[in-house]
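Chains as they are written, first to last, in the working numbering: chain A, 1 to 441; chain B, 442 to 882.
Backbone N, C-alpha and C define an ideal beta-carbon position, used for all residues, glycine too.
Report on the following structure.
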């Protein structure tokens, strides 16, 4: 029977069996000390030359007696720092080859390409594991936040038959005798589902064939999407997004203290209500603060995003801020125009620490209006027939929001590259291995 | 403020606002009765001709007073059958076009193609909603079963750079200047992750380009996958699969009573331990029971699967049965050969009610052995380099299992076609709309 390492601390005097990887070896003649690592922690074992002869990262099963260490050898940094195991029986379950680089330092000092070329090893580093622990909590708390509000979880399709707004940046799939595409967003599916289930969310993959290699782009990413009906106003959509983000941040703060500490990361601080401001008002403020005249721009520039975050921090002590009411014509055809000023819409983005975190808004639910937009935006209604049906047969007033699991993980932990927040990042140059080895199309 | 319909029952005398779809209209001259449907139930409202003039499935907001019905009009089938709302204010939020078929009968009497052509309407039928409620509980309880056992949830990639065992039945994606593929299984990724996280699971999409249109095939499906390390025997893998399936069935029985009742479905009954039997022993039993000699076959035929399920039911009063130890050479290269008889492996399938429910097994963890298999199976090691690395640097003894969310939903509810258990089923002839309309490759 295997005992997890974290459970050895109270078992002084017991003979136990542990299983794990050899994390370190220190040989003093016949006496060999090693740290064994399993998913719960590290334990020092004391053995002989057979232990010392093994390679780091070999998988072992060790039976022996747990004893207290001499107090001068206490290690306060380890949960198990006051005990050790005296090896009675050592079994090699799986030998390891010589490591290509040192994975047992506090920092993994290798370049990102090497870190990805040896994913099996980089995954074993505490800081890399911490990234994906945080991501798991983000995704899981997203689900729990929305389930608590009576949302139905659905799985959105990856392969789609047409691309509503033109074929730029979309991956094509050979589908028997036809051509289909990889979905860039579950937007139309989640809207359609609102017409039957009222409140829906999904955790699913989206695909973007953007021909750029930046620190913020992945070709395959995890999208966290929510959409709900029977709203009276776009403010309810903003409020639901705010509730969800706050729920997630609180859960991460609560469950990932050790992980946050590894990155010196702190959860963004937000007041009771995250401030929100219209794009045009934000641009006026930026103009007054900096003299930079962006008042006619249809989108905030990266500089503007940083400035409005600074303003929100100074004015409202908030690390997060919503920007709302973008020019209607420059946004997707389904975004709801503001009743008071239809040149601008009821869409919003949430910004944090100078960059975009989330995007959302109210959507058009009226069939006549959507058909006008379809025409104006130059969309072939045949391509979105299933979605249009949902508006033809009684669609409640609705809205929703979406954000990327990798990007929010990156922001929380202050990572410099979004690839670090993806288990198996895909970009123009890499799909697991570097594409220079792959088959040319 | 909207009140959900299920919350109106205790509010006789109150003036409330409800929002929903018009589920039925019955006009008696100036007096019009309608049932309004929201996600929580149905409520009868009593109004005038303006209500009667609306089309079914229109979205309305109605304010009015809740009152008790005359006891002779009580409807025992409805939670809200003793109350009704007297309409004071009626607002049309979204008109509906005339419905192409009747969606308000206990059974949706339309063919599957029509049901899918009008997904937005079929989703509103209680029996269709029930299917996806069950599926949501299946997926959610799969996650909870494994989280309770300390498994880490990961998101597996959809796009992969190579197909380890040849390119049959795989979808090709044009990826910038290269060709990549859609994943048929997260097997190699989940194994790789075991080498760092020990215990992992995922809920993700898999893609199969099988050129066949049967009642059991989807080209895009939801795979529930688990894999874990530090096992002593394949029996631990079987036991974990058994625990997971039982957990799911118990949850469905508990949370989906109304949904099961709609389909006259019952949860499979299983004894304390699901029986398990080697393929060759099962074939011998089938031979003795039926005279059909399948003792040299490498796989059970559909007939064999039904017969062994019958046998398990008669012998062990079990609706589920594991078949184990398949011929090594006919299964994937990573399956672990049985130590006592390496011609057969430590893989297994779970069968229920005559068909396969789940597949799993122990995997090879030794680098030298996997390299022998790679050679024998004719696999290019370059294509699975990332996976091979995980065995080169210390892989614990491991195993795992997988099953399809649609298929298990289909089995639980006795559906006749797996497409009914997929929100947006994809097959050779359909990706949302019928492909005859789509772009030829």
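Around the Cβ of residue 625 of chain B, a 10 Å sphere holds 16 or more other Cβ atoms; the residue is buried. For the pair of segments examined, the segment 565 to 574 of chain B was found to touch the segment 689 to 704 of chain B: the number of CB pairs separated by less than 8 Å reaches three.
Setting aside the 5 residues that flank it on each side, residue 452 of chain B is surrounded in the same chain by 507, each with a C-beta closer than 6 Å to its C-beta; the list follows chain order. In the DSSP assignment, residue 60 of chain A forms a beta bridge with A:20 and A:92. In its chain, beyond the 5 residues on either side, 603, 605, 629 and 815 have a beta carbon closer than 8 Å to the beta carbon of residue 825 of chain B. At a Cβ-Cβ threshold of 7 Å, residue 463 of chain B and residue 493 of chain B do not count as neighbours. Residues of the same chain with a CB within less than 8 Å of the CB of residue 679 of chain B, apart from the 5 flanking positions on each side, are 717, 763, 765, 789 and 801 in chain order. Residues of chain B whose Cβ lies closer than 8 Å to the Cβ of residue 58 of chain A are, in chain order, 835. Restricting attention to B:663, B:454, B:712 and B:831, the CA atom closest to the CA of residue 684 of chain B is found in B:712. Contiguous beta strand (DSSP E) elements confined to the segment 84 to 129 of chain A do not occur, taking only those with 3 or more residues.
If you draw a straight line from the Cα of residue 639 of chain B to the Cα of residue 517 of chain B, it is about 53 Å long.
In the assembly as shown, residue 125 of chain A is a buried residue. Its beta-carbon has 16 or more other beta-carbons within 10 Å.
Straight-line measurement puts the Cα of residue 426 of chain A at about 17 Å from the Cα of residue 646 of chain B. If you compare the alpha carbons of B:810, B:580 and B:860 with that of residue 95 of chain A, the shortest gap goes to B:810.
Residues of the segment 606 to 633 of chain B with a C-beta atom less than 9 Å from some C-beta of chain A are 612, 613, 614, 615, 616, 617, 618, 619, 620, 621, 623, 630 and 633, listed in chain order. When 9 Å is used as the limit between beta carbons, residue 34 of chain A is near no residue of chain B, the shortest such separation being about 14 Å.
Taking a Cβ-Cβ threshold of 8 Å, the residues of chain B close to residue 428 of chain A are 617, in chain order. Per DSSP, the unbroken alpha helix (DSSP H) holding residue 246 of chain A starts and ends at 234 to 255. Non-local beta-carbon contacts of residue 862 of chain B in its own chain, meaning distances under 7 Å to residues more than five positions away in sequence, involve 572, 576, 847, 850, 851 and 856 in chain order. In this structure, residue 186 of chain A lies away from residue 865 of chain B, with their beta-carbon atoms at least 7 Å apart.
Taken in chain order, the whole beta strand (DSSP E) runs of length 3 or more contained in the segment 269 to 348 of chain A are 276 to 278 and 320 to 324. For the pair residue 873 of chain B and residue 182 of chain A, the Cα-to-Cα distance works out to about 13 Å.
Per DSSP, residue 510 of chain B lies in no alpha helix (DSSP H) segment and is marked neither H nor E. By the CB criterion at 7 Å, residue 812 of chain B and residue 636 of chain B fall outside the cutoff.
For the set A:203, A:382 and A:2, the Cα lying nearest the Cα of residue 147 of chain A is the one of A:203. Boundaries of the beta strand (DSSP E) around residue 225 of chain A: 220 to 229. Neighbours of residue 601 of chain B in chain A, taken as residues at a C-beta separation under 8 Å, are given in chain order as 431 and 432.
Between residue 480 of chain B and chain A, the shortest Cβ-Cβ separation is below 7 Å.
For a Cβ distance threshold of 7 Å, residue set 94 of chain A lies close to residue 807 of chain B, ordered along the chain. Distance from the CA of residue 456 of chain B to the CA of residue 522 of chain B, rounded to the nearest whole angstrom, comes to 18 Å. Here DSSP, grouped into helix, strand and coil, assigns residue 415 of chain A to coil. In the DSSP assignment, residue 647 of chain B falls within the beta strand (DSSP E) that extends over 640 to 648. For residue 576 of chain B, the secondary structure class from DSSP, reduced to helix, strand or coil, is helix.
Contact annotation: residue 201 of chain A and residue 221 of chain A have beta-carbon atoms that are not nearer than 7 Å. Nearest to residue 487 of chain B by C-alpha distance, out of B:505, B:504, B:509 and B:527, is B:527. By the rule that beta-carbons nearer than 7 Å mark a contact, residue 446 of chain B does not touch chain A.
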